[in-house]
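Just so we're aligned, residue 3 is where the sequence shown starts under this note's numbering, counting upward by one.
Cβ atoms here follow ideal geometry from the backbone N, Cα and C, with glycine treated the same way.
Keep in mind that this is a model prediction, so the values were computed, not measured.
Beneath this line is the structure, given in structure tokens, with notes to follow.
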Amino acid sequence: MKKLLRLLYLFYEYLIAGPIFVIVTLLTAIITMLGCAAGNKDFWGYWPAHIWSRFTCVIFLMRVEVTGRENINPSESYVFVANHQGAYDIWTIFGYLNHNFKWLMKKSLENIFAVGTACKMAGQVFVDDSTIAGIRETITEAEETLKDGMSVVIFPEGSRSWDGKMIPFKRGAFLLASEFKLPVVPLTIDGSFTAMPRTTYNMTPTRIRLTIHKPIYPGEKGFNTRVLMTQCRESINSALPPSCKDE
Numbered sequence: 003m004k005k006l007l008r009l010l011y012l013f014y015e016y017l018i019a020g021p022i023f024v025i026v027t028l029l030t031a032i033i034t035m036l037g038c039a040a041g042n043k044d045f046w047g048y049w050p051a052h053i054w055s056r057f058t059c060v061i062f063l064m065r066v067e068v069t070g071r072e073n074i075n076p077s078e079s080y081v082f083v084a085n086h087q088g089a090y091d092i093w094t095i096f097g098y099l100n101h102n103f104k105w106l107m108k109k110s111l112e113n114i115f116a117v118g119t120a121c122k123m124a125g126q127v128f129v130d131d132s133t134i135a136g137i138r139e140t141i142t143e144a145e146e147t148l149k150d151g152m153s154v155v156i157f158p159e160g161s162r163s164w165d166g167k168m169i170p171f172k173r174g175a176f177l178l179a180s181e182f183k184l185p186v187v188p189l190t191i192d193g194s195f196t197a198m199p200r201t202t203y204n205m206t207p208t209r210i211r212l213t214i215h216k217p218i219y220p221g222e223k224g225f226n227t228r229v230l231m232t233q234c235r236e237s238i239n240s241a242l243p244p245s246c247k248d249e
């Protein structure tokens, strides 16, 4: 019975939900580009993608549960720091965080057809961490984005996990967070590795949990980067199941 259900789902994923997803993704990119070209990129850079992300989770039969929304203020700016189990991290955060923000995303994603252009027009920040000059340029661009009360989301691991467990954090993400001098909110995502690990495009319907932890506020002198990195990792780790926790 399980094998039959699995085959039925794969049939549904590739022949029904998949083609619909591609069409809706292109429409979302077009709407985002047209809206941002007309003005108010903070609105058009968030709401179409927010709806698209929820639609994606629903059409592929993923259930998303959120805890800790009371820990953040919708009118306050934050640096959100999340673990990166799989592709569904993006749809989970965009669709269910319920807080307007910009991504700090890999510069290579700028090359994705239509989506990369839409992200660029929406004001998403593409990170070039290959050189010191690139990091400085990223900081300047991100500060410009955040000056009007916008939040930002960072995956400090830099890439998706291979086994559901967190890989080492890159210090650069926390150097950026420290530069912004904004409260940092750790986010734990659990279940997106089961939904679709990085080794396959085959999906598995499952429950994805998003935990929003309490903000970490900078002191009078800002953040100690290493301490901030440790605090964020411990917070994220605390809401993971035993199979995904740091040893």
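Please name the residue or residues paired with residue i in a DSSP beta bridge.
| i | result |
| --- | --- |
| residue 254 | Residue 254 cannot be examined here, being either before or after the span of the chain that is shown, 3 to 249. |
| residue 69 | 213 |
| residue 103 | 153 |
| residue 218 | 186 |
| residue 224 | 221 |
Suppose the cutoff is 6 Å on Cβ atoms and the five residues either side in sequence are ignored; what does the same chain contact list for residue i look like?
| i | result |
| --- | --- |
| residue 31 | 116, 117, 120 |
| residue 162 | 86, 88, 200 |
| residue 105 | 126, 155 |
| residue 55 | 93, 96, 97 |
| residue 34 | 46, 50, 120, 124 |
| residue 167 | 246 |
Find the nearest neighbour of residue i within the set the options, judged by alpha-carbon distance.
| i | options | result |
| --- | --- | --- |
| residue 212 | 69, 200, 110, 108 | 69 |
| residue 198 | 12, 4, 7 | 12 |
| residue 95 | 108, 114, 71 | 71 |
| residue 76 | 55, 57, 99, 52 | 99 |
| residue 223 | 181, 205, 241, 203 | 181 |
| residue 20 | 97, 226, 57 | 57 |
| residue 178 | 168, 166, 208, 227 | 227 |
| residue 78 | 207, 238, 243, 152 | 152 |
| residue 97 | 53, 124, 47 | 53 |
| residue 189 | 174, 233, 208 | 233 |
| residue 38 | 145, 122, 221 | 122 |
| residue 48 | 111, 14, 103 | 103 |
| residue 27 | 43, 114, 243 | 114 |
| residue 175 | 144, 202, 25, 164 | 144 |
| residue 146 | 164, 241, 242, 44 | 44 |
| residue 169 | 248, 110, 3, 184 | 248 |
Considering only residues of the same chain and omitting the five flanking positions on each side of residue i, which have a CB-CB separation below 7 Å?
| i | result |
| --- | --- |
| residue 171 | 158, 159, 231, 235 |
| residue 204 | 12 |
| residue 8 | none |
| residue 61 | 19, 22, 23 |
I'd like the list of long-range same chain contacts for residue i, defined as Cβ closer than 8 Å, with 5 residues on each side in sequence excluded.
| i | result |
| --- | --- |
| residue 74 | 80, 101, 187, 214, 217 |
| residue 210 | 59, 64, 65, 66, 67, 90, 94, 191, 192, 193, 194, 197 |
| residue 107 | 121, 126, 127, 128, 129 |
| residue 208 | 64, 65, 193, 196, 197 |
Comparing the C-beta of residue i with each C-beta of chain C, is any distance below 9 Å?
| i | result |
| --- | --- |
| residue 201 | This model lacks chain C altogether; it includes just one protein chain. |
Three or more C-beta pairs under 8 Å: does that hold for the region 156-169 against the region 79-94?
With the cut-off at 8 Å, the region 156-169 and the region 79-94 touch.
Would you call the region 87-102 in contact with the region 183-201, where contact means no fewer than 3 C-beta pairs closer than 8 Å?
Verdict: yes, contact present.
May I have a chain-ordered list of the beta strand (DSSP E) segments no shorter than 3 residues that lie completely inside the region 3-74?
You should have 65-69.
Output the residue ranges of the beta strand (DSSP E) runs that lie fully inside the region 106-130 and measure 3 residues or longer, sorted by chain position.
Fully enclosed beta strand (DSSP E) runs of no fewer than 3 residues occupy 127-129 of the region 106-130, in order along the chain.
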